[in-house]
Structures are given as C-alpha cells and as structure tokens.
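Numbered per full-length UniProt numbering, the sequence shown spans residues 1 to 109.
Glycine is no exception: its CB is placed at the ideal position from the N, C-alpha and C atoms.
To keep things clear, I will list the structure first and then write my remarks on it.
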Amino acid sequence: MKISCEIIKDLLPLYHDGVCSDDSKAIIEEHLACCDSCSAELQAMDRNWPLTNTEQNLNEAEAVKKLSRRWRKGMKKALVKGILLTIAVIVLFSLLLYSFLDFKIITTP
C-alpha cells in the first residue's frame, strides 16, 4: 500500500509520541523503511524535541510544588482571618449582651 509522504508527515508527531494506533504505526514503519525523507523528518523530531520526558516531569513537579506552597499560604491566611473574625464576633456579642442586659450586682448584708 503506497501512502503519500504528506500523510505520513501528518502522522509522524503521533508516531513519535507513541499515541497512534497499531495499524497506523505499522503503516508508518513500513513507509519509513523505504522513504529517506520521512526518516530524516523523524530524526529531526528526535533532535529538535523541546523537552524530554524527564525535563517535562521536573518542570511539572516544580509547578505543582509552587502551587502547593501558594495554596498552603492561602489556607494559613484564611485560618488566621477566621480566628480573628470569630474573636471579634465573640467580643462584639459580649459587649452587646452586657450593654442590653444591664447587669446589677446585688450584695446581701
């Protein structure tokens, strides 16, 4: 089966990433065996690939760590705000209760 180089070049990124189907993989490998142009294109992809999987994983791990730190810092701020707000509400409620109930201390002789 003769498939044009343009179709193979469209499928090469999928082949390179290992996400194409087994049938596509077989057709691409068959074409690469007899086409120097497409083989050179695949080798260029190998050389020019921007990030290897290891580098990409490290970058993703660093991004997750930064996000985790930000989230933790935000949670600490929220906790402190919650505690301060709770204390303020308790103090306000106590002052209102004290002023409206007008406590009188009666001493017994």
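| Query | Result |
| --- | --- |
| Integer Cβ distance of Y15 from I7, believed to fall under 8 angstroms | Wrong, their Cβ atoms sit about 12 angstroms apart, outside the cutoff. |
| Coil, strand or helix - P13 by DSSP | helix |
| Reference E41, options L85, S24, L67, K9, closest by Cα | K9 |
| Assigned secondary structure, V91 (DSSP; H/G/I helix, E/B strand, else coil) | helix |
| N48 to H31 span [Cα, whole Å] | 22 angstroms |
| Under 8 angstroms between C-beta atoms of L11 and C5 | no |
| Closest by C-alpha distance to K2, when choosing among P13, L95, C35, D17 | C35 |
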